[in-house]
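One structure below.
In the numbering used here, the protein residues as written are 244 to 311.
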C-alpha cells in the first residue's frame with residue numbers, strides 16, 4: 244500500500260463511504276490511475292457509477308487529455 248497515491252486512496256475511501264463533497268477527477272491520466280487503484284482493491288463495481296459521472300461531466304472539446 245505504501246506505493247499507492249495517498250490522495251487517490253483517500254478519494255477511493257470517500258467514494259466507498261459516500262463522502263465526496265463535490266470532489267472529482269479532471270484528467271484522463273488521473274481517472275486511469277484511480278481505476279487501477281480501485282481494481283487493485285477490488286472495488287470497481289461500487290465506485291463505477293461515480294467514475295461514470297465524472298466522465299459524463301467532461302466537455303470533450305475542451306479537455307486536451309481526451310483528444311485522439
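Every residue gets a Cβ at the ideal spot worked out from N, C-alpha and C, and that includes glycine.
Taking C-alpha positions only, residue 252 is separated from residue 269 by approximately 16 Å. Counting the other Cβ atoms within 10 Å of the Cβ of residue 254 gives 16 or more, which makes it buried. Here residue 257 is not near residue 297, since their CB atoms are 7 Å or more apart. Bounds of the alpha helix (DSSP H) holding residue 280 are 271-283. When the beta-carbon positions are compared, residue 290 and residue 281 come within less than 7 Å of each other.
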